[in-house]
Amino acid sequence: MMQGEVQLQPTDSQKLSVSDEIIKAEDSESVSACCRFCLMENDGGGDELISSCMCKGTQKFVHRSCLDHWRSLNDGSFAFSNCTTCNAQFHLPEFVSRSLSLLSAYCFLVAPVLES
Numbered sequence: 004m005m006q007g008e009v010q011l012q013p014t015d016s017q018k019l020s021v022s023d024e025i026i027k028a029e030d031s032e033s034v035s036a037c038c039r040f041c042l043m044e045n046d047g048g049g050d051e052l053i054s055s056c057m058c059k060g061t062q063k064f065v066h067r068s069c070l071d072h073w074r075s076l077n078d079g080s081f082a083f084s085n086c087t088t089c090n091a092q093f094h095l096p097e098f099v100s101r102s103l104s105l106l107s108a109y110c111f112l113v114a115p116v117l118e119s
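For the sequence shown, the positions run 4 to 119 when my numbering is used.
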């Protein structure tokens, strides 16, 4: 310390590390979320941002379609089922497309009637 400087000791309520402060700032509502792959915000369309792993901050959110594309490029590798940043296994909400729903309805409802 130089002469005339004062060293302040943090109180218990001030013992947050610098990284804790950064994480709090990144997770605040004032920061707009964007996809870590395409860097686009949630446009209100059908492809909403999801949090598929344990990443925080700017790595936290992805569009499901962007993640699916990433996974298709890494089929059979660790990156297909796990985040390469935090190493957590992906937790993906169930995704059923409208065409798959219609196909299922046809197979179970319409096809048996046509066969009889």
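Using N, Cα and C, we set each Cβ at its ideal position, and we do this for glycine too.
For clarity, every value in this text was computed on a predicted model and none was experimentally measured.
According to DSSP, residue i sits in a beta bridge with which residue or residues?
{"i": "H66", "result": "L52"}
{"i": "C37", "result": "E44"}
{"i": "N120", "result": "Shown here, the chain extends from 4 to 119; a query on residue 120 therefore has no answer."}
Using the C-alpha atoms, what's the distance from residue j back to residue i?
{"i": "S80", "j": "S35", "result": "31 Å"}
{"i": "T61", "j": "I53", "result": "12 Å"}
{"i": "E32", "j": "K59", "result": "Model confidence at E32 stands at a pLDDT of 49, short of 50, so the residue's coordinates are unreliable and nothing is read from them."}
{"i": "R67", "j": "S55", "result": "9 Å"}
{"i": "S49", "j": "C41", "result": "Checking the displayed sequence, the identity of residue 49 turns out to be Gly instead of Ser. Approximately 16 Å, taken between the alpha carbons."}
{"i": "E97", "j": "T88", "result": "23 Å"}
{"i": "H72", "j": "M43", "result": "15 Å"}
{"i": "C69", "j": "N45", "result": "12 Å"}
Going by C-alpha to C-alpha distance, which of the options sits closest to residue i?
{"i": "R39", "options": "P96, V65, S55", "result": "V65"}
{"i": "M57", "options": "C37, N85, L42", "result": "N85"}
{"i": "R74", "options": "C89, K63, F93", "result": "F93"}
{"i": "A91", "options": "N45, C69, C37, K63", "result": "K63"}
Would you identify the three-state DSSP class for residue i, choosing helix, strand or coil?
{"i": "G60", "result": "helix"}
{"i": "S75", "result": "helix"}
{"i": "S102", "result": "For S102, the predicted model reports a pLDDT of 48, less than 50, meaning its position is unreliable; a value from the coordinates is still stated below. In this structure, S102 counts as helix in the three-state DSSP scheme."}
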